[in-house]
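Chemist:
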Amino acid sequence: MNLTETANEGIKTAMKAKDEASLRAFRAIKAAIIVAKTEKGDAELDADTEIKLLQKLVKQRKDSLEIYIKQDRPDLAKAEQEELSVIESFLPKQMSEEDVRVIIGGIIVENNLAGAQNIGKLMPLAMKALAGKADGKVISALAKELLG
91 MNLTETANEG IKTAMKAKDE ASLRAFRAIK AAIIVAKTEK GDAELDADTE
141 IKLLQKLVKQ RKDSLEIYIK QDRPDLAKAE QEELSVIESF LPKQMSEEDV
191 RVIIGGIIVE NNLAGAQNIG KLMPLAMKAL AGKADGKVIS ALAKELLG
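Take any residue in the sequence shown, note its place counting from 1, add 90, and you have its number in my numbering.
#1: Could you give the residue range of the alpha helix (DSSP H) that holds Glu134?
#2: Taking the alpha carbon of Leu135 as the reference point, which residue from Val192, Leu212 and Glu95 has its own alpha carbon closest?
#3: Please report how far the alpha carbon of Ala107 lies from the alpha carbon of Val176, in whole angstroms.
#4: Are there 16 or more other CB atoms within 10 angstroms of the CB of Ile229, so buried, or fewer, so exposed?
#5: Could you check where the alpha helix (DSSP H) with Leu232 kicks off and where it finishes?
#6: How should Ile119 be labelled, buried or exposed, when 16 other C-beta atoms within 10 angstroms of its C-beta is the threshold for buried?
#7: With H, G and I counted as helix, E and B as strand and the rest as coil, what does DSSP make of Ser175?
#8: Less than 6 Å between C-beta atoms, sequence neighbours within five positions excluded: which residues of the same chain meet that for Met185?
#9: I'd like the list of long-range same chain contacts for Ala97, defined as Cβ closer than 6 Å, with 5 residues on each side in sequence excluded.
#10: I'd like to know if Lys142 contacts chain B, where contact means its C-beta is closer than 8 Å to some C-beta of that chain.
#11: Residue range of the alpha helix (DSSP H) that Gly210 falls in?
#12: Since Ala216 and Ile197 are thought to touch, with beta carbons under 8 Å apart, how far apart are those beta carbons, to the nearest angstrom?
#13: For Leu181, I'd like the list of residues in its chain whose CB is within less than 8 Å of its CB, leaving aside the five on either flank, ordered along the chain.
#14: Is the beta carbon of Arg151 less than 8 Å from the beta carbon of Glu173?
Okay, structure coming up:
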């Protein structure tokens, strides 16, 4: 079952269960799929594109959640957190920070990278190796720490 079918089934189930949080999340997923398909000329999305799409939605929710918490808006923060939980359930399990550190360290050794000036060489390699397995902010922070 692809992401479009999953979103459609999720919408039906959430509507029957009167689960507003899941309904909002599945509608957001479906809307993002429609936009992505329209941009690609109504082509089917491959698994990597679907994961990137979900990661984008997760990032948006995390950013909004952070803002709502800073602005002391627990009502809006709660809604974002609920949607975030539903969307994250469709992503592959994220690697631990320690595992990410080991992989980035291996990339640094393999490519003889040293010093902060090589962050531009390290990041594309790390992002490719860890695509869908770790958050970009974590990868960036660890890359800077290990090269710095």
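From the three backbone atoms N, C-alpha and C, an ideal C-beta is built for every residue, glycine too.
In this text, all values refer to a predicted model and were calculated from it rather than measured experimentally.
Modeler: Quick answer:
#1: Taken as a continuous stretch (DSSP letters only), Glu134 belongs to no alpha helix (DSSP H), as it is neither H nor E.
#2: Glu95
#3: Roughly 15 Å separates the two Cα atoms.
#4: buried
#5: Gly226 to Leu237 is the extent of the alpha helix (DSSP H) around Leu232.
#6: buried
#7: Of the three classes helix, strand and coil, the one that applies to Ser175 here is helix, per DSSP.
#8: Lys223 and Ala224
#9: Phe116, Ile119 and Lys120
#10: Absent from the structure: chain B. Only one protein chain is present.
#11: Ile209 to Ala219
#12: 6 Å
#13: Ile141, Leu144, Gln145, Val148 and Gly222
#14: yes
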